[in-house]
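The block underneath contains the structure these notes are about, expressed in structure tokens.
There are 2 protein chains.
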Amino acid sequence: MKLAPGQVADRLSQVTGWELSQGAITAVFQFKDFAEAMQFVNRAADVAEALDHHPDMLIRYNSVQLTVFTHSEGGLTEKDFELAARVNQLR
Amino acid sequence: MKLAPGQVADRLSQVTGWELSQGAITAVFQFKDFAEAMQFVNRAADVAEALDHHPDMLIRYNSVQLTVFTHSEGGLTEKDFELAARVNQLR
């Protein structure tokens with residue numbers, strides 16, 4: 078179920094490093110090098126498969142930008158923030 | 078060394094599926110699902126490390142967009158097209 082704006086603000090305050098962007102939530106993760114960035118991407122992919130919820134992932138050498146949105150609901154849901162929280166734990 | 082426009086056109090004609098976009102070259106690869114897309118991303122990452130030349134990689138569920146550019150030369154070089162050709166062989 079799509080979250081109301083107040084709920085989004087509440088959930089967002091609980092996931093460090095994530096911000097709203099064009100209705101989705103997004104975060105950039107920085108690493109030492111490309112190999113370390115790829116390790117993170119693979120761990121994030123495992124989380125995505127486990128939750129059956131898949132962020133867009135943009136790899137730029139040693140940085141990885143994740144963007145999450147619930148397409149089926151046309152907005153942000155608990156699942157988006159669950160994914161954000163689980164991915165934050167990978168750092 | 079940065080390629081001249083005529084050389085870029087020539088090299089581009091030799092890498093199926095790649096096109097010019099804002100001075101870089103880019104291609105989108107489609108897969109059955111996210112797991113297959115991730116397998117491709119990991120193989121493309123191995124090519125990138127082997128060539129020491131790293132494309133931007135955008136994963137969107139079952140699609141992967143690669144964008145290549147030689148930042149140190151401020152343009153396209155033989156290495157960009159070598160990476161494109163090697164990645165095309167992964168399909």
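Chains A and B supply the protein sequences, listed in that same order. When the letters of the first sequence are read in order and numbered with the numbering used here, they come out as residues 78 to 168. When the letters of the second sequence are read in order and numbered with the numbering used here, they come out as residues 78 to 168. In this text, a Cβ means the ideal position worked out from N, Cα and C, and glycines have one as well.
Item to check | Complete alpha helix (DSSP H) runs within the stretch 124–163 of chain A (minimum length 4 residues, chain order) | outcome: none
Next on the checklist: Given this structure, state the Cα-to-Cα distance separating B:Gln58 from B:Gln142, to the nearest angstrom.
Outcome noted: One cannot answer for residue 58 of chain B here, as it falls past the ends of chain B, which runs 78 to 168.
Checklist entry - Would you report the Cα separation of A:Leu80 and A:Ile102, rounded to the nearest angstrom? => result 13 Å
Checklist entry - Between B:Lys109, B:Phe108, B:Asp123, B:Ser98, which lies nearest to B:Gln163 when the distance is taken from Cα to Cα? => result Reading off the sequence, residue 163 of chain B comes out as Arg, not Gln. The shortest C-alpha separation from B:Arg163 is found at B:Asp123.
Checklist entry - Using CA coordinates, which residue listed in A:Leu135, A:Glu126, A:Ala125, A:Ala112 is at the minimum distance from B:Glu126? => result A:Ala112
Next on the checklist: If I measure Cβ to Cβ from B:Phe146 and keep anything under 6 Å in the same chain, skipping five residues before and after, which residues do I get?
Outcome noted: Ala101
Next on the checklist: Do A:His130 and A:Lys156 have their beta-carbon atoms positioned less than 7 Å apart in this structure?
Outcome noted: yes
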